[in-house]
Amino acid sequence: MLTLEEVFPPFALRIAGGPLELRVLRDDDLPKLVELVRAGIQVPDLPMPFLQAWHEEPFAPGSPDGFPTTSLRWWWTQRATFAPDEWRLALVVRHEGELVGMQDLHAKDFAQTRNVMTGSWLGRAHHGMGIGTLMRQLVVAFSFDELGADQCESGYIVGNHASASVSRKVGYLDNGRRRIVQRTRQGTVGVDEQRVVVTPTTFVRAEDQVSVEGANAVRRFLGIDHKSTGA
14 MLTLEEVFPP FALRIAGGPL ELRVLRDDDL PKLVELVRAG IQVPDLPMPF
64 LQAWHEEPFA PGSPDGFPTT SLRWWWTQRA TFAPDEWRLA LVVRHEGELV
114 GMQDLHAKDF AQTRNVMTGS WLGRAHHGMG IGTLMRQLVV AFSFDELGAD
164 QCESGYIVGN HASASVSRKV GYLDNGRRRI VQRTRQGTVG VDEQRVVVTP
214 TTFVRAEDQV SVEGANAVRR FLGIDHKSTG A
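Right under this line is the structure:
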C-alpha cells in the first residue's frame with residue numbers, strides 16, 4: 014500500500030533550521046491551528062494584515078458559516094488545486110515542537126517566471142521572538158536552493174512596521190506600492206500595499222543551517238527540473 018507521502022509528495026516536505034520546523038498542513042494540525050487563531054494573531058494598533066478578516070469571523074464550529082469552516086475551505090482548496098502551473102504550499106510552523114503559525118508559498122507558471130510569493134502569520138503570543146524572520150529565511154532559502162527560484166515577492170500593508178522589519182532583515186527591497194481592497198468586519202476599504210522582492214544577491218541567510226527533506230519528490234510533483242546551487 015502507498016504511503017500518504019507517496020500519494021501527495023508535499024506531505025513529505027520538511028524544512029528546518031534552528032528551533033523551527035516547517036511542514037505542509039495536515040488535517041491532524043487543524044484543531045491546534047484553530048485554537049491558535051482563536052487566541053489572536055493580529056497585533057493591536059497595527060493595520061489588518063490580510064485581504065479579508067477571516068481571523069475575526071464568529072467562532073461557529075459545526076456551522077457552514079463562520080470560523081473555522083470558511084478557513085477550512087480555503088486550506089483544503091489549496092491542496093485540491095495543487096498543480097504545476099499554479100500551486101500553494103501551506104506550511105505549519107513549529108517552534109521547538111509547538112505550532113505557532115503558518116508560512117505560505119505560492120507560484121503561478123513557475124517554470125516560466127521562476128517567481129515565488131510568500132505570506133505568513135504568527136499567533137500573537139509568539140511575536141517579537143525572531144520567529145517571523147527565521148521562518149521567512151527558511152522558505153526563501155528553500156525557494157532559491159531547492160526550487161531554483163530567481164526571486165521571491167511579498168507585501169505588507171503600509172503602516173505594518175513589524176512586517177516591514179522582517180522583510181528588511183531578510184533582504185527584501187521595495188518593489189512599488191499599489192492600492193488594494195480589504196474586506197474588514199467594518200466593511201470594504203482601500204489601503205496601500207508595499208510590495209517587496211528578494212533575490213539571491215540581496216538575500217540575508219539565517220545563521221542556523223537549513224535542513225530540507227523531501228525536496229526531490231516535490232520537484233518531480235511540480236515538474237521542476239532545475240535545482241539551484243544556492244547563493
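The opening residue of the sequence shown carries number 14 in my numbering; numbering runs sequentially from there. Beta carbons are placed, not taken as given, at the ideal position from N, Cα and C, and that holds for glycine.
Relative to the alpha-carbon of residue i, which residue among the options has its alpha-carbon at the smallest distance?
{"i": "His139", "options": "Gly53, Leu104, Asp158 and Phe95", "result": "Gly53"}
{"i": "Glu159", "options": "Gln55, Pro74 and Asn229", "result": "Asn229"}
{"i": "Gly110", "options": "Leu33, Trp87, Ala96 and Arg196", "result": "Leu33"}
{"i": "Gly145", "options": "Trp134, Asp41, Val153 and Phe155", "result": "Trp134"}
{"i": "Ser156", "options": "Phe216, Gly141, Met14 and Val202", "result": "Phe216"}
{"i": "Glu220", "options": "Thr201, Leu147 and Phe234", "result": "Leu147"}
{"i": "Thr94", "options": "Arg107, Val202, Gln195 and Phe21", "result": "Phe21"}
{"i": "Arg86", "options": "Ser176, Asp40, Gly203 and Arg208", "result": "Asp40"}
{"i": "Lys121", "options": "Met142, Met61, Ala96 and Arg233", "result": "Ala96"}
{"i": "Gly236", "options": "Glu99, Arg196 and Gln91", "result": "Glu99"}
{"i": "His119", "options": "Gly141, Arg137, Pro60 and Ala162", "result": "Ala162"}
{"i": "Met130", "options": "Pro77, Val153, Lys182 and Thr90", "result": "Val153"}
Since residue i and residue j should fall inside the 8 Å C-beta cutoff, what is the C-beta to C-beta distance between them, to a whole number of angstroms?
{"i": "Gly79", "j": "Ser224", "result": "Actually they do not touch by this definition, with Cβ atoms about 39 Å apart."}
{"i": "Asn188", "j": "Glu206", "result": "Not confirmed; about 11 Å, so no contact."}
{"i": "Leu186", "j": "Val210", "result": "6 Å"}
{"i": "Ala66", "j": "Arg192", "result": "Going by Cβ atoms, the distance from Ala66 to Arg192 rounds to 18 Å, so no, they are not a contact pair."}
{"i": "Pro23", "j": "Leu102", "result": "6 Å"}
{"i": "Arg36", "j": "Val105", "result": "6 Å"}
Indicate the three-state DSSP secondary structure (helix, strand or coil) for residue i in the structure shown.
{"i": "Val171", "result": "coil"}
{"i": "Phe72", "result": "strand"}
{"i": "Gly145", "result": "helix"}
{"i": "Val152", "result": "helix"}
{"i": "Leu43", "result": "helix"}
{"i": "His140", "result": "coil"}
{"i": "Gln125", "result": "helix"}
{"i": "Gln199", "result": "coil"}
{"i": "Asp158", "result": "helix"}
{"i": "Ala25", "result": "helix"}
{"i": "Gln55", "result": "coil"}
{"i": "Ala120", "result": "strand"}
{"i": "Thr131", "result": "strand"}
{"i": "Gly243", "result": "With a pLDDT of 45 at Gly243, under the threshold of 50, the predicted position of this residue should be treated as unreliable, though the coordinate-derived value follows. Three-state DSSP puts Gly243 in coil, outside helix and strand."}
{"i": "Arg86", "result": "helix"}
{"i": "Glu109", "result": "coil"}
{"i": "Val20", "result": "helix"}
{"i": "Phe234", "result": "helix"}
{"i": "Gln222", "result": "coil"}
Tell me which same chain residues have a C-beta within less than 6 Å of the C-beta of residue i, skipping the five on either side of it?
{"i": "Asn128", "result": "Gln164"}
{"i": "Gly184", "result": "Val211, Thr215, Phe216 and Val217"}
{"i": "Pro57", "result": "none"}
{"i": "Phe234", "result": "Pro22"}
{"i": "Gly132", "result": "Asp117"}
{"i": "Gln91", "result": "Arg101 and Ala103"}
{"i": "Glu226", "result": "Arg27"}
So, at 8 Å on beta carbons, what are the nonlocal neighbours of residue i in its own chain, with the 5 sequence-adjacent residues on each side left out?
{"i": "Gln222", "result": "Gly30"}
{"i": "Tyr169", "result": "Pro62, Ser176, Ala177, Ser180, Glu206, Gln207 and Val209"}
{"i": "Asp238", "result": "Arg232"}
{"i": "Pro60", "result": "Ile170, Val171, Gly172, Asn173 and Val204"}
Which residues in the same chain have their Cβ closer than 7 Å to the Cβ of residue i, if we skip the five residues on either side of it in sequence?
{"i": "Trp88", "result": "Leu38 and Ala103"}
{"i": "Val202", "result": "Gln195"}
{"i": "Glu69", "result": "Arg198"}
Return no unless some Cβ of chain C is closer than 8 Å to the Cβ of residue i.
{"i": "Asp238", "result": "No chain C appears in this structure, which consists of one protein chain only."}
Would you check whether the ligand ZN has a heavy atom nearer than 7 Å to the C-beta of residue i?
{"i": "Asp78", "result": "Only the bare structure without any ligand can be found here, which leaves the ligand ZN out of the picture."}
(request) Take every Cβ of the stretch 65-78, pair it with every Cβ of the stretch 100-119, and state whether three or more of those distances are shorter than 8 Å. (result) no
(message) Would you call the stretch 38-49 in contact with the stretch 77-94, where contact means no fewer than 3 C-beta pairs closer than 8 Å?
(response) yes
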